[in-house]
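In this note's numbering, the protein residues as written are 135 to 565.
Note that the Cβ used here is the ideal one computed from N, Cα and C, for glycine as well.
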Ligand code: CMC
């Protein structure tokens, strides 16, 4: 961030205030209002943060108009095509692509932490079997703060490092355990000779009574889904993690807060909602009815997997996801999949509709991911937990960046108060 020597002038009544303008390495300039309240006794008002930069960050950059997503400068399509999830984790956490030796060491460190404390198994069994796996994950990840006391001093860089590695390593184990518990099967321990994605698939789909072979093409598709969800700058769940952490709270508890936020259907829960919507539509001939509902102001229905706060052009992750959907269904020999056919036709008709064109609503990452996950054998309730495990590295990278920033302050938004002004208490018999 550089000072541009430019400033914006704000006039209030007969007074004017000069507000510095800061320049990012990419993206729009930023008006620095940090001193505004002190000087002018006014707040700014921006519910939903549509025009407000909540922090500075050098991790991820999105150009929503151009449909560009960069992690530490590298385009997402190159990372999804040429790299793999753990390498992207390294890049997000440490800022540069690793050398071969650095990558080997990082993979070894992550692999060493894949098991969860044995006593944590009891947490799972305390939940009802029909609990949503996101509810279980929120609880169990929060509970990690009660188990790993040697990595919770956020002022100690080594503690931060160990907490980061633990979270990346254990999240697949926790997500797989939540799934196994929901279907009444025994937990499957991680196998450290497998790569990250294969290990996750095995923990989800193997049973103790049979050999399980992970198909490398499915493992690659799984890894790509992890990569495509790894980080997305200051989205709702990441901002939740940052805000929760800004008080100095326990890192595991802060990630649990991120998981809770991600669950909502406007955010990570959209992948489950999208597949359920495609199933409800059922066949391409019913698409016009659903498009009409999405356009109807009196109907709360929205096309799930469509639209994005930042992308006003194609979500670059959706483009890769669509190719992946074709590849995975091909591999699994799923020909003429009715859900994929409905999705493709829905995309075509929505994009040709002036309502979606005018509002710049395009398919987002969640539009095609559910189709792949379902073809792999995951129930819809596991879609958002898979998003959560992938996004954990993004949450941690942003958390680390914030804690390491000497200018870090507790997050404390202001408000535009609209309630009653001061009045006197009235005894109950006089009301
Ligand atoms: N279907 C129909 N209309 C829509 C949709 C949609 N999916 N998305 C936005 N609109 C309309 C909305 O009604 C509004 O119209 P108007 O200006 O006439 O009132 C206009 O487009 C702008 O919408 P908004 O809600 O003000 O935009 P937002 O930036 O606050 O919301 C969003 C972004 C993602 C929450 C929204 O597009 C949405 O609800 N999409 C469906 C849910 C979804 O797919 N979410 C996943 C997002 S990507 C993964 C992630 O980040 O977690």
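Just to confirm, does residue i get its C-beta within under 6 angstroms of one of the non-hydrogen atoms of ligand 1?
i	result
residue 438	yes
residue 161	no
residue 409	no
residue 447	no
residue 523	no
residue 500	yes
residue 442	yes
residue 369	yes
residue 140	no
residue 285	no
residue 550	no
residue 400	yes
residue 312	no
residue 214	no
residue 486	no
residue 404	yes
residue 493	yes
residue 428	yes
Under 8 angstroms by Cβ, that's how I've got residue i and residue j pegged, so tell me the actual separation to the nearest angstrom.
i	j	result
residue 214	residue 361	5 angstroms
residue 203	residue 210	4 angstroms
residue 386	residue 356	Actually they are not in contact, since the Cβ atoms of residue 386 and residue 356 sit about 25 angstroms apart, beyond 8 angstroms.
residue 225	residue 243	So it is not a contact: roughly 15 angstroms between Cβ atoms.
residue 363	residue 524	4 angstroms
residue 446	residue 494	4 angstroms
residue 506	residue 473	About 11 angstroms; that fails the 8 angstroms criterion.
residue 153	residue 144	6 angstroms
residue 514	residue 409	5 angstroms
Helix, strand or coil for residue i per DSSP?
i	result
residue 283	helix
residue 496	coil
residue 209	strand
residue 440	strand
residue 321	coil
residue 516	helix
residue 393	helix
residue 179	coil
residue 357	helix
residue 559	coil
residue 160	coil
residue 189	coil
residue 249	coil
residue 382	coil
residue 85	Since the first residue of the chain shown is 135 and the last is 565, residue 85 is not available in this structure.
residue 508	helix
residue 329	coil
residue 535	helix
residue 288	coil
residue 363	coil
residue 554	coil
Using DSSP bridges, identify the partner residues of residue i.
i	result
residue 566	No answer is possible for residue 566: it lies beyond the span of the chain, which begins at 135 and ends at 565.
residue 417	Residue 417 pairs with nothing; no bridge assigned.
residue 196	203
residue 165	155
residue 448	According to DSSP, which records beta bridges pairwise, residue 448 is partnered with nothing at all.
residue 490	Bridge partners of residue 490: none, in fact.
Any C-beta of chain C sitting closer than 7 angstroms to the C-beta of residue i?
i	result
residue 472	Protein chain content of the structure displayed is limited to a single chain, and chain C is not contained in it.
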